[in-house]
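Protein chains in written order, with the working numbering: chain A, 1201 to 1395; chain B, 1201 to 1395; chain C, 1201 to 1395; chain D, 1201 to 1395.
We put the beta carbon where it would ideally sit given N, CA and C, even for glycine.
If you're wondering where the values come from, they're calculated on a predicted model, not measured in any experiment.
Written below as structure tokens is the structure these notes are about.
Protein chains: 4
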Amino acid sequence: MDENTPKDTINAPVRRKRRYDPSRRERIIAVTLEAIELYGITGTSTRKVAEMADVSLGSLTYYFEGINQLIEEAFTQLSLSISNEFRDVLGAAKTREEALIAVVDFIDQKIWGSHSTLTLSFELYTFVTRHPQLKSLPQSWMKQSRAALEQHFTPATARVIDAFVEGIGIHNYFDREPMTRTEIERVIRLIASAE
Amino acid sequence: MDENTPKDTINAPVRRKRRYDPSRRERIIAVTLEAIELYGITGTSTRKVAEMADVSLGSLTYYFEGINQLIEEAFTQLSLSISNEFRDVLGAAKTREEALIAVVDFIDQKIWGSHSTLTLSFELYTFVTRHPQLKSLPQSWMKQSRAALEQHFTPATARVIDAFVEGIGIHNYFDREPMTRTEIERVIRLIASAE
Amino acid sequence: MDENTPKDTINAPVRRKRRYDPSRRERIIAVTLEAIELYGITGTSTRKVAEMADVSLGSLTYYFEGINQLIEEAFTQLSLSISNEFRDVLGAAKTREEALIAVVDFIDQKIWGSHSTLTLSFELYTFVTRHPQLKSLPQSWMKQSRAALEQHFTPATARVIDAFVEGIGIHNYFDREPMTRTEIERVIRLIASAE
Amino acid sequence: MDENTPKDTINAPVRRKRRYDPSRRERIIAVTLEAIELYGITGTSTRKVAEMADVSLGSLTYYFEGINQLIEEAFTQLSLSISNEFRDVLGAAKTREEALIAVVDFIDQKIWGSHSTLTLSFELYTFVTRHPQLKSLPQSWMKQSRAALEQHFTPATARVIDAFVEGIGIHNYFDREPMTRTEIERVIRLIASAE
DNA sequence: GATGAATGAGGGTTCATTCAT
DNA sequence: GATGAATGAACCCTCATTCAT
Chain A
1201 MDENTPKDTI NAPVRRKRRY DPSRRERIIA VTLEAIELYG ITGTSTRKVA
1251 EMADVSLGSL TYYFEGINQL IEEAFTQLSL SISNEFRDVL GAAKTREEAL
1301 IAVVDFIDQK IWGSHSTLTL SFELYTFVTR HPQLKSLPQS WMKQSRAALE
1351 QHFTPATARV IDAFVEGIGI HNYFDREPMT RTEIERVIRL IASAE
Chain B
1201 MDENTPKDTI NAPVRRKRRY DPSRRERIIA VTLEAIELYG ITGTSTRKVA
1251 EMADVSLGSL TYYFEGINQL IEEAFTQLSL SISNEFRDVL GAAKTREEAL
1301 IAVVDFIDQK IWGSHSTLTL SFELYTFVTR HPQLKSLPQS WMKQSRAALE
1351 QHFTPATARV IDAFVEGIGI HNYFDREPMT RTEIERVIRL IASAE
Chain C
1201 MDENTPKDTI NAPVRRKRRY DPSRRERIIA VTLEAIELYG ITGTSTRKVA
1251 EMADVSLGSL TYYFEGINQL IEEAFTQLSL SISNEFRDVL GAAKTREEAL
1301 IAVVDFIDQK IWGSHSTLTL SFELYTFVTR HPQLKSLPQS WMKQSRAALE
1351 QHFTPATARV IDAFVEGIGI HNYFDREPMT RTEIERVIRL IASAE
Chain D
1201 MDENTPKDTI NAPVRRKRRY DPSRRERIIA VTLEAIELYG ITGTSTRKVA
1251 EMADVSLGSL TYYFEGINQL IEEAFTQLSL SISNEFRDVL GAAKTREEAL
1301 IAVVDFIDQK IWGSHSTLTL SFELYTFVTR HPQLKSLPQS WMKQSRAALE
1351 QHFTPATARV IDAFVEGIGI HNYFDREPMT RTEIERVIRL IASAE
């Protein structure tokens, strides 16, 4: 009782008493993804997420079964974001030529090539390895990528492009002299030419 | 101690639990890699490694600065193993045709396609993301792969093959209908044909 | 809320999850006793009780001061049930001989010997130890047991029988070879014979 | 490093660094029993035990699988103490008459009648209810009590006395007017007379 | 050189209770 | 009157690391 009574209006203690926060669940998920990007799954604790989301510790287990479910939902969202973005980029292409360029863009810098995306993907792959029930995440992600590519290429070609996107993205991440845009384009054209 | 001490035969050559063991350091590293494969970095603790290596807990910090150094050395060894194996497989190829088949084998089942290798690679990639000083590991690994490939292909082709190996390995790991050997071979031949 | 709201039949008498419920307080108490029997006081939480009673979480602190008051009321009810049952069983006896048999029945299987009753009694005894204001519960329970016995036996005998009932019930609960009905009857007759 | 460096010898920080504490495990068990008596199992936490034993938190899980194993060991010790004490008291009796008096003493005040013992017994009974693997504790305790009694009485009588001891102890604990020593003695003699 | 008992910060989670609606 | 989202202290336990022997 005492601790809630402000001595005077000036020194009133700042007490976080945020009730009614309708988008709380979504914010927690988004913040979790940020935490994973910043600190890795290893460094992502309930306490850190709660603090980053400006939320009490109890909120996490109020909305989620446990930290694993939280991570799963965060990854689900990540997976959706990436594959939707790929779909959008490819979907905007009207001709086969535009599609080719869109793929190159996707690798080169726009999405897949980004530090953030790759970092999160590595975390996801590693996590899926230990939690096989999440295999559906990269699976449906791959499925959607290929569906988007198949609007412009044959299934076989789509598959090869998809795999190349994956591989070159990772290699460029580590490589001190990443493959140039010109070279990427040459490869994509080569693959596409084989249909 | 008591239970291991022979009561009356003073010089009896009793096998102590922790016997004289010159290769202890190496064994700890090897066991750490096993632990990472089995439980992930997250699930690999000093206690578990010590127990698996049949070594005292103190040994770990006696031989290594800390658990991170231990993991780093384990990954260094992993990196060496994989790239050496790739070098050997490629090195055994006498003709360009044999080299092509060797690459297909490498992807298809022998090494890179294995569950164990991919699992460890994901752990490594994730770890490197948080410990940039280890970037040299995948870098020199890539360097050696390409050097091996360059015995039979141009540098540009070597690079593309290398990236494709990476990507298709990962995709096949997640894919419920992995790319067939025939299809893999077709792609490799396609890439090689562009020289 | 959405899923329970009828889309077009405005006045449809949809059964809400939480319907009008006049005996809610009593039900909560009864359910609490069930929870204690199933999970022990340790395993009985407000959430679990609310869920089992199909009642909102807030109801518990709305109807009760706190969980301790809830437990107290549950135990009060338990105490009443058991002692009333004992009173009824004894009250139905018309002769001293029938009373003897009734006591044997009470121990042997009917009430006191039951797993459920003993489980709850242990919980109660333990709880009373930490909340002395509840000592009146076993006290009035004992008082009523003796009053029922005194319809057929002297106070001194009633007391001894009562204590024996307590002791043999507990021992038979743990004993792998419980005391037989014949033997129980022999003891009761022995005690009764001393008047 | 900084925090360990004393600024001067006078203000050297007091750091509990108790290494080598050979009886630590036993002390933790003993302290746990004290904690259970004082606060009940419900109120006995790892933190409280660690503090009471002047031991670090980690020591508890270093020596015990978890808090349940700790409680089990504490109860095992309790069970041993009580039944040994009963054995000793009875064992000191040379004649049947002395044995009778020993039993009365045991109930009346010495051991079983004590607040402490009954409190712990209630906790034990309640705990066993939820952890059936501990049923052997009260079982072997009963077994030993009867063995001690059978030095002076027939098995049937031993069993009845044992049950009566249990029941009267509990009832006297709750009763505002406990059974007098004289009355207890009368009952014991009555039971013994039936052989 | 080698050990393993000891440490304590930090992990995930549960809980009774509060209170704006 | 009744709700349930929100709180934060406290729970048990794991961990890398230290250090007296």
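is_contact[residue i, chain B] using C-beta, thresh 7 Å
i: glycine 1240(A); result: yes
i: leucine 1390(A); result: yes
Neighbour flag for residue i against chain D, beta carbons, 7 Å
i: leucine 1320(C); result: no
i: valine 1214(C); result: Note that valine 1214(C) scores 34 on pLDDT, short of 50, meaning its location in the model is unreliable and no value can be drawn from it.
i: isoleucine 1384(C); result: no
Residue span of the alpha helix (DSSP H) that contains residue i, given as start and end
i: lysine 1248(C); result: 1246 to 1252
i: glutamine 1397(A); result: Nothing in the structure corresponds to residue 1397(A), since chain A is present only between 1201 and 1395.
i: aspartate 1305(A); result: 1296 to 1305
i: glycine 1243(D); result: Run containing glycine 1243(D): none; DSSP gives neither H nor E here.
i: alanine 1274(B); result: 1267 to 1291
i: arginine 1376(C); result: Here arginine 1376(C) belongs to no alpha helix (DSSP H), and DSSP marks it neither H nor E.
i: tyrosine 1262(B); result: 1257 to 1263
Any C-beta of chain A under 7 Å from that of residue i
i: alanine 1394(B); result: yes
i: glutamate 1323(B); result: yes
i: arginine 1218(B); result: Residue confidence for arginine 1218(B) is low, a pLDDT of 48 falling below 50, so the modelled location carries little weight and cannot support an answer.
Any C-beta of chain C under 7 Å from that of residue i
i: valine 1387(D); result: yes
Please specify which runs of the alpha helix (DSSP H), each continuous and at least 4 residues long, are wholly inside the region 1320 to 1344 of chain B, giving them in chain order. none
If you measure beta-carbon to beta-carbon, which residues of the region 1348 to 1381 of chain D are closer than 9 Å to chain C? Ala1356, Arg1359, Val1360, Asp1362, Ala1363, Phe1364, Val1365, Glu1366, Gly1367, Ile1368, Gly1369, Ile1370, His1371, Asn1372, Tyr1373, Phe1374, Asp1375, Arg1376, Met1379
Between the region 1325 to 1341 of chain B and chain A, which residues of the former have CB atoms less than 8 Å from a CB of the latter, in chain order? Tyr1325, Thr1326, Val1328, Thr1329, Arg1330, Lys1335, Pro1338, Gln1339
Using a Cβ-Cβ cut-off of less than 8 Å, list which residues of the region 1269 to 1280 of chain C approach chain D; keep chain order. none
Quick one: which residues of the region 1291 to 1305 of chain C get their C-beta closer than 9 Å to a C-beta of chain D? List them in chain order. none
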